[in-house]
Every structure is written in C-alpha cells, then in structure tokens.
Amino acid sequence: MSKSQPKRKEKSLIVDGALPVPRDLLCAGVELDADIEIERQQRMEALKAELGAMAAQGNFANAIDKMMGIVLGLEQENERISWRLLRALRYRFGQNTEKLAPAELRQLYLALGGDAAAPAPEGGPLVPVPVAPAEALNADGEVAAPNSGGKKRRKRKVGGATVVDAKVEREITKVPVPDEERTCALCGGAKTVFETVEHQRIEFVPAKVVLHIEQREKMTCLACRKDVSIAPRMQAPAVIRKVGSSFLAKLLADKCTLGFPLDRQRREFDRMGLHMPDKTMASYWAYSTDIISPVAFSITGNVFASHTVGADDSHLKTLERTAKNGIFRAHLWCFVGTDGTVGGRETVAYGYTKSWNAEEIADWFSSIGGWIQCDGYAGYSSEVEDDDGETLVAVPDDRRLGCGMHIRSKFHAALLAKDRRAAIPLKFFADLYLIEAECKTGSVDAKARGEIRRMRSLPILDKLDAWVDSTHPTLLPKSPLRRATTYAINQRTFFRRCFSDGAFEIDNGRTERRIRNYAVGRRNFLFTGSVRGGERLAAAYTLVDNCLILGIDPRRYLQDTIDKLERGHALSRMSELTPASWAANHAR
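Here is the structure:
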C-alpha cells in the first residue's frame, strides 16, 4: 500500500453499550442486526413518553413505581447473570472444595442472629472422645521438660515418611570389613560381627516388553524323506494369539487406574520397541472386556443385593455418526453396595446408558431389594412402564434415602453468591457432620450411632427445617438461596430418613468418592467410540475398582482371571472369580 492511499478504517459494532467489537472478531455465523438497536431505541422512547405523560398529569407516584419496577427487574437479572458467571469461573479456575473455615462460619452465624452457645444434650456427651495425655513425652519416652521461657512453641508440621512395602523386591549387598581391620588392634584377637549398618537406596526398574520364542524341533528321515516328527508345545495356550494375558491385563488396568487411553499406551509400547497398530490394540481391548463381562455381571448382582445401594452418574461422550456433531452425551452409572454395618466393606459396580431417561435405569433400580441412596435427580421419581406394561417408579419413595452433601452444596453456592444468610444452614450442617465425625472417632456400632443421632442430631435437623420453612417464602423465585431451600424441602423426607437408623449414612459420599476415579480419568480419553464401547468400559471399571477397594494389584488379578476364563471356567461359578473371592483365596 502506498503512503498516499488513506488507511482503511476497521468497521466495528457496539454491543449493548460496551466497547467496539471488530466484525472479524465476532463468532462465525453470528451477525448483529441493526433492527435490534432500532427496537431498543423505540422502547426507550415509548417509556420516556409514558413517564412524561404521567408527570404531566401529576401522577408522580405511579411513574416512580414503574421506574422502580424496571430497576428492580434489571438488578435481579444482573444478580442472576453474576451468579452464573461466578459459578462458571469457579468451575473453570477455582477450587472444587466446599470447606469453610469454622471461625469464619461461626462469625457469620452469630452475625445473623445465631445462638452463641448451643445447650448440651441432656445426659452429657454420648460419644467417647480421645483425651490427650497429661504429660507430653519426648522421642526417648521421657517426660518433656516444660518450656521455661513462657512462650508457646510453634508446632512444626512434619510430612509423612516414605514407606516401602514388604512385598517390594529387595537386593541386599553384604559389604565385609576389610581384612586388615578384622583383627583387634589392641590384643590381636579376631573380631566378631554383632550388627550391620544399612544404607537404603530406592531404584526404579523400567517396564519392558519380552518376546517369548518357542523353537520346536522338526525332524525327518533323510533316507526316505517320509517320516517327519515335530516336538510338542511345552504348554499349549487355551487361545492362540500373539499377546499374552499379562498384556491384556495391562491394557485394562492402566486405563481404569491411571486413565491412560489406548493411544497413549500404544506410544508407550513404541518406546519399548513394540510397534502395534491402533486397530489391533483396540481389538485386544474389546476382546479382554468381553471375556470379563460375565464376572462384572456377577458383581453387579451382588451389589444390587446389598442392604444399602448408593447411586450416582457422570457423563461420558460417545461417538456416533447419526448424532448431532457426531457425538452424544451418555452416562456411566456407579452403584456402591454396603452390608448395613458401620464402616462395612464396599462393593462397586458400573453401568452404561445412552441417555439420562428414567426408562433406561428402571430395570436396574427395580432389581435392588434394599435401600437406595441418591440425589435429587427427577428421573428417580418418574413413572415408567415395565416389560409387563405395569407402571412403577424408578426409585420407590419408601426405600429412598437422601444425600446431605447435595443439600449442603446448594447453600454453599448461595453463600458464594454473596448471600450471607446461607451461613445459618451451613452452620447446622457443620454441627451434624461434627457429630458424625465423633461417632467415627469413637468407633460406635449402628445401634449406638442411631441413639446418638436421635438425641443430638434430630434437634439440629429440626432447627434447620424450621429455618428453611420460615425463610423460603421471603426469597426471590430465581435467587440461589431460593433454589437451595426448594431443594431442601423436596429432599426433606428422604434426608430425615437417614437419621432413623444408625446403619444409614447421612450422605452419598462413598459413591461420589468411587466415581471420582473415573471422572478424573475421563479427562484423558475424553470419549468412547461406541455404545458397546461404553458397556465394555463399565465392565472394566467394575473389576478394577473393586480391586482398588480391596488393595490388590489389578494386573495380577486380571491376568489370572483372563487365563481361567479362556480355559473354560463355568458360567455358574462366576462368583469364584470376583476380586473379593480372588483376594480371599490368595490370602489363604
């Protein structure tokens, strides 16, 4: 461009009074129509004429009321947008924790009219609390001397020590004393070894790929060239394939424990010298998950037969050509069963559904004979028809338990939206969970915990319900606190039922903690390739997650289980291959 030519001015648009936005920065396919600005100007002129007419007639009160109504509506809309922006920013950049400082929560509670000191329950504390020793001991086991300076010593925060399990391989190298020092320098007698000085060093041995080659002799008669003999195989495998069960077990374990997608594992094998196509590795994954599926179904049956079953879900994107943009939102469901005892062992099972519709989960929940603990998803209360045409509710109200974590999270969101009144219900929840923590510290059984809840927790729960009932009618319909109180009222019956029996937990936290492993790993593999792929992923997570609960190595378990299934293990004896049975047999 020559200097004589004028510089072209970039066209821009003004969006709702904001800074000019260049046209080339606008989203593709979105054009601002000038009619929007004309329509806004016409509405402003009509409002100005209406207010001017009211003022000319001396009707200033109605004019002020009209303007106040408009301003109030704009403020409510601004608060709603600000709350959504705050939640989006916190979800994108903030912390996920909902912990609050006890001192700050107490100050907010007192500032809003809370009691300075709640009366202790009649009869004193019901949970034994550990008492600190009267005299502090030093590292030698002696009574430490008091600090004569009168200043409080600042406790030093010490991190955890590195611990190496006993099952880790140990290489011991014995270093003898030199020959010239093995005799006494004073009397000339021979010295005797009485102990050793150890220096430990942790080394990492990288994984490797081993190619097993079995060369069988092939013999023939050179005279007649007719009689040929071939050596038999040392151990004939049940299935002829190029990889062993240890390779298949690694595919499943690494994806479900570390979140490694198959492509990342393929690149890892490339560095080890094994070059395998993507489709070949995907076929091995499909084969492995298909063969272990009967064991996963057996575990799911055991979970559904538990005393209490916690249920929750998380989304899983699934590829499909016919769907919009080639992908749709499916769901992976997590079910955690417990035996009805405090601190009892958990058993977990996973399932896959193409959508969030109640029809897809009704068969699962109808198979559960015990109590079902879940959140406030509307599909749980939806009516569906079974195979016989009878109408049923996905989760019956008489066997449903609520979740205190989900109720509390709504009030926490309201507090983040600058509504300080939410500190009152949060203080009630803090007191409820403090009682639960004392019960766990005291290792009380279900019967004792139920009595403690009746004496101490139910009065706090009554105060919470009374506050919700008195505050709910005074709140704006779309405010965050109104959403929280609405959710609390809808879940009240199910949440209060958790306090009726000491065997129940007051939240569904165990399910939330178990599904976290999948939710974190999903960030790596992002999606599954098909509906069948989602079902295979659920089967793999069912077996691997139970191994993690029991503390056994998923690779060892999967390798042994795949070997047994390939050798024709009977379907009627699938319960013998569950991680719990495998761990019990290997412990013996």
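Quick note on numbering: our numbering labels position 107 of the sequence shown as 262, and the sequence is numbered without any gaps. C-beta: ideal position from N, C-alpha, C; glycine also. As the structure is a prediction and not an experimental result, all values here were calculated from the model.
Query	Result
Cβ-Cβ distance between LYS457 and THR493 below 8 Å	Going by the sequence as given, residue 457 is Asn instead of Lys. No, these two residues do not count as a Cβ contact at 8 Å.
Bridge-paired residues (DSSP) for GLU540	THR546
Spatial distance of THR435 from ARG235 (CA atoms)	51 Å
Residues bridged to LEU474 [DSSP beta-bridge criterion]	ILE482
Rounded C-alpha distance that separates ILE661 from ARG652	9 Å
Check whether ARG710 and LYS405 have beta carbons under 8 Å apart	yes
Three-state class that DSSP yields for ALA378 in the structure shown	coil
Stretch-stretch touch, CB-based, cutoff 8 Å, three pairs: the segment 439-449 with the segment 385-403	yes
Alpha-carbon to alpha-carbon, TYR696 and HIS724	21 Å
Where SER727 sits in the DSSP three-state scheme	helix
PHE215, buried or exposed, once every other Cβ within 10 Å from all chains shown has been counted against 16	exposed
GLN231: first and last residue of the uninterrupted alpha helix (DSSP H) it sits in	215-248
Collapsed DSSP secondary structure at TYR696 in the structure displayed	helix
Chain D within 8 Å of GLU336, Cβ atoms only	Included in the structure is just one protein chain, with no chain D present.
First and last residue of the uninterrupted alpha helix (DSSP H) at ILE447	433-459
Cβ separation of ALA658 and HIS462, assumed to be a contact under 8 Å, to the nearest whole Å	7 Å
VAL360 versus VAL348, GLU335, GLU326 and ILE219, residue with shortest Cα-Cα distance	GLU326
CB of ILE395 within 8 Å of CB of THR716, strictly	no
Beta bridge counterpart(s) of TRP526 as assigned by DSSP	THR463
Cβ shell of ASN217 (< 6 Å), same chain only, five flanking positions each side left out	MET209
Continuous beta strand (DSSP E) stretch holding THR502: start and end	502-508
PHE566 in three-state terms, based on DSSP	helix
Spatially closest choice to CYS702 from CYS411, ASP467 and PRO257, by CA coordinates	CYS411
First through last residue of the beta strand (DSSP E) which encompasses ILE385	383-385
Straight-line Cα distance separating ARG722 from CYS594	48 Å
Distance between THR473 and GLU514 (C-alpha atoms, nearest Å)	19 Å
Minimum C-alpha distance to SER536 - residue among ARG554, GLY544 and ASP542	ARG554
Close beta carbons around LYS363, own chain, < 7 Å, minus the five adjacent residues each side	MET427
Whole-angstrom C-beta distance between ASP518 and LEU487, which should lie under 8 Å	Actually they do not touch by this definition, with Cβ atoms about 16 Å apart.
Beta-carbon proximity of GLU350 to TYR507, cut-off 8 Å	no
The segment 416-430 / the segment 372-381 touching (three or more Cβ pairs under 8 Å)	no
Every unbroken alpha helix (DSSP H) within the segment 594-657, with a cutoff of 4 residues, ordered by chain	601-607, 613-626, 635-645 and 647-652
Cut-off 8 Å between Cβ atoms - residues of its own chain near LYS719, not counting five sequence neighbours on either side	LEU732
Start and end residues, alpha helix (DSSP H) containing VAL675	664-680
TRP511 (DSSP reduced to helix, strand or coil)	coil
Start-to-end residues for the alpha helix (DSSP H) that takes in PHE402	400-412
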